[in-house]
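In my numbering, the protein residues as written are 60 to 610.
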């Protein structure tokens with residue numbers, strides 16, 4: 060953006076600021092590209108940007124690029140705006156304030172610079188170069204001197220007059236009169252517009268359309284204002300020209316006065332003036348009251364602290380020293396805590412990396428541990444499977460020899476029984492046959508002892524009452540571990556089927572699943588074979604007992 064020495068910055072482009080900007084261009088004293096407009100929300104002044112105005116949200120940039128600065132904000136926003144332009148304002152700038160209630164001294168003290176400040180009070184008719192602007196540079200008790208500051212003030216006043224004369228009419232007043240001028244000049248637009256609207260409503264009641272009634276009333280008000288401004292007469296002089304004896308004008312005026320038309324207008328202007336005086340001062344008073352409350356609160360706290368210190372000093376010296384040490388330690392702890400809080404995010408970042416590394420390492424160790432366990436279980440099941448497979452093979456071989464042995468024992472028993480009936484002593488068998496058919500358990504030894512006994516003892520044993528089958532069978536039952544290997548054998552064909560099933564299980568399942576199934580299946584089959592072999596053994600013994608009873 061180009062820097063214009065004679066450019067104008069309008070800070071706060073609201074209704075009045077917008078009207079001033081358009082009036083400056085309409086007066087042909089400035090071009091649109093020489094005017095900088097600022098506002099928080101640029102969307103409302105976007106059309107002005109298309110017309111060539113410079114638009115920005117930075118008050119600092121606008122002030123640094125223009126020499127004339129017009130402040131057009133509401134009183135509540137004045138302090139914030141002055142804070143934003145404090146660094147960019149110089150003594151070469153001219154500040155024109157249109158803020159209601161803010162004095163020149165208030166603005167200068169806030170800026171903390173001896174910059175020329177002019178107070179102005181225009182109205183919204185400035186948009187059409189029909190404004191009445193009241194200007195003030197100093198109060199009534201101040202007089203102009205030849206000092207540089209007064210010359211700068213006078214120069215600033217002349218610049219303001221040239222600007223606002225192009226926008227209508229201007230008048231120079233003392234600063235004390237600017238506040239009442241706000242009610243009569245700035246607020247007067249609203250008052251006269253309300254009077255015109257009332258006249259238009261009366262026109263509608265007597266038969267005019269609303270648009271026609273407003274046009275007639277507004278032009279009539281403009282004509283009345285022109286008569287007063289051009290002829291420079293009193294308003295009652297123009298009223299007397301219109302009123303006639305027993306006429307309609309005097310009848311209407313009397314009715315308005317009876318309703319309080321003049322008194323209502325007067326009362327409204329006075330009320331507006333009082334309110335304008337308190338717009339900015341009330342805010343300043345509120346600030347001062349808050350500052351006083353804060354000062355009183357601080358003083359009260361200071362007094363309480365002093366009283367507490369006196370009470371502590373009156374105590375024993377060592378207690379006072381302990382309290383001082385505790386306070387010193389607490390201050391050191393707070394400093395360290397603050398330092399740690401500032402670097403907390405760094406430590407947290409390192410801790411997160413360390414946690415991720417530890418978790419990853421733990422997962423790897425768990426995988427290794429599981430793989431080792433699986434390998435050990437697999438090896439253990441293989442060993443168990445091989446251990447259980449060897450006894451089953453031996454049992455299958457022993458089982459094949461068992462029927463032959465049972466037949467030989469039955470024949471020998473029948474031979475002994477027949478000899479005992481005939482009274483013959485049992486013949487001793489050759490040693491070679493005994494060596495071939497060695498007894499396999501304690502039950503067969505007992506049978507041989509019975510065979511070697513004399514016939515009388517055998518008869519006594521037969522005469523004794525027969526015991527129940529269960530009692531007779533109990534001495535014949537022995538543990539499986541004490542049986543000979545021949546009785547624990549199983550047919551080779553059955554072992555082959557088991558191997559096939561185990562192979563099928565291996566084909567059907569996984570590594571650990573198949574070996575577990577093989578182990579369980581062989582274990583159950585082994586138990587089943589033992590049960591079958593024991594049942595066959597008991598059946599043979601029962602058969603022997605029955606044959607003895609029959610004989």
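From the three backbone atoms N, C-alpha and C, an ideal C-beta is built for every residue, glycine too.
The structure displayed is predicted, hence computed values, not measured ones.
- The beta carbon of residue 337 lies closer than 8 Å to those of 160 in the same chain, with the five residues before and after it left out.
- With respect to residue 298, residue 280 sits apart: the two C-beta atoms are not nearer than 8 Å.
- Unbroken beta strand (DSSP E) runs of no fewer than 3 residues, entirely contained in the region 165-238, are found at 176-180, 190-195, 227-231, following chain order.
- In this structure, the alpha-carbon of residue 133 lies about 55 Å from that of residue 384.
- Judged by pairs of C-beta atoms under 8 Å, the region 271-289 does not touch the region 215-222, as fewer than three such pairs exist.
- Collapsing the DSSP output to three states places residue 241 in a helix.
- With a threshold of 16 other beta carbon atoms within 10 Å, residue 315 falls short and is exposed.
- Under DSSP, the beta-bridge partners assigned to residue 130 are 70, 156.
- Unbroken beta strand (DSSP E) stretches of 3 residues or longer found wholly inside the region 280-343: none.
- Here residue 223 is buried, its C-beta having at least 16 other C-beta atoms within 10 Å.
- With the rule of 3 Cβ pairs closer than 8 Å, the region 315-334 does not count as touching the region 226-237.
- In the structure shown, residue 268 falls within a coil segment according to DSSP collapsed to helix, strand and coil.
- With fewer than 16 other Cβ atoms inside 10 Å of its own Cβ, residue 329 counts as exposed.
- Between the beta-carbon of residue 125 and that of residue 68 there is about 4 Å, and that keeps the pair under the 8 Å contact cut.
- DSSP places residue 104 outside any beta strand (DSSP E), giving it a letter other than H or E.
- DSSP, reduced to helix, strand and coil, places residue 84 within a helical segment of the structure shown.
- Taking each of 432, 162, 239, 334 in turn and checking the Cα distance to residue 176, the smallest one comes out for 162.
- Boundaries of the beta strand (DSSP E) harbouring residue 95: 94-97, taken from the DSSP string.
- Ranked by Cα distance from residue 179, the options 135, 201, 130, 170 are led by 130.
- Beyond the five residues adjoining it in sequence on each side, residue 308 comes within less than 6 Å, by CB distance, of 301, 302 in the same chain, given in chain order.
- Residue 143 and residue 123 have their C-alpha atoms some 12 Å from each other.
- Under the three-state reduction of DSSP output, residue 122 falls in the helix class.
- Contact between the region 142-158 and the region 93-107 is absent: fewer than 3 CB-CB pairs across the two stretches fall below 8 Å.
- Residue pairing by DSSP places residue 115 opposite 97 in a beta bridge.
- If you draw a straight line from the Cα of residue 291 to the Cα of residue 121, it comes to about 42 Å.
- Per DSSP, reduced to three states, the secondary structure at residue 143 is helical.
- Classified as buried, residue 212 has 16 or more neighbouring CB atoms from the shown chains inside 10 Å of its CB.
- Of all C-beta pairs linking the region 76-91 to the region 101-120, three or more are shorter than 8 Å, placing the two stretches in contact.
- Separation of residue 238 and residue 166 (C-alpha to C-alpha, rounded to the nearest whole angstrom) is 16 Å.
- When the alpha-carbon of residue 193 is set against those of 170, 206, 246, 92, the nearest one is in 246.
- Between residue 174 and residue 158, the C-beta spacing is not below 8 Å.
- Around the beta carbon of residue 416, fewer than 16 other beta carbons lie within 10 angstroms, which makes this residue exposed.
- Between residue 242 and residue 322, the C-beta spacing is not below 8 Å.
- Annotation: residue 170 to residue 146 spans about 9 Å, alpha carbon to alpha carbon.
- Counting C-beta atoms within 10 angstroms of its own C-beta, residue 269 has fewer than 16 neighbours from the protein chains shown and is therefore classed as exposed.
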